[in-house]
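Just remember that the numbering used here sits 224 ahead of the position in the sequence shown, which is counted from 1. So the structure is just underneath, and the comments pick up after that.
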Amino acid sequence: MMTGQELRRTIEVALDEIRPFLKSDGGDIELISIEDDSLVKVQLMGTCVDCTVNQMTLKSGVEMTIKKHAPQIKEVINIKANQIA
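Put into structure tokens, the structure is as follows:
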């Protein structure tokens, strides 16, 4: 079982793996939080914010990559900038 810090590092590694693809399209991604060691909240940035395929990117690319690194993660959701408390 990973500690919260280890899990966060693992997820950052997964995001680093996908970040070059997002950056090549003018976007980026940031880890916002991990809840109950199973829900990851990220924020898509740059051109990814308004991109029509961002839900597909999130589910097929980001979520799949994170789950490959941290199988205990059940879901990855995108938080829009105005939803961050």
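Virtual Cβ for every residue (Gly too), placed ideally from N, Cα, C.
So which of 293, 291 and 246 has the shortest CA-CA distance to residue 267?
246
Could you check the C-alpha separation between residue 233 and residue 258 for me, to the nearest Å?
11 Å
Quick one: residues in its chain with C-beta nearer than 7 Å to the C-beta of residue 231, no 5 flanking neighbours on either side, listed in chain order?
258, 261 and 294
Using a Cβ-Cβ cutoff of less than 6 Å, which residues in the same chain neighbour residue 289 once the five nearest sequence positions on both sides are dropped?
238, 241 and 242
DSSP on residue 274, reduced to helix/strand/coil?
coil
Tell me whether residue 281 is buried or exposed, calling it buried when 16 or more other Cβ atoms sit within 10 Å of its Cβ.
It counts as buried.
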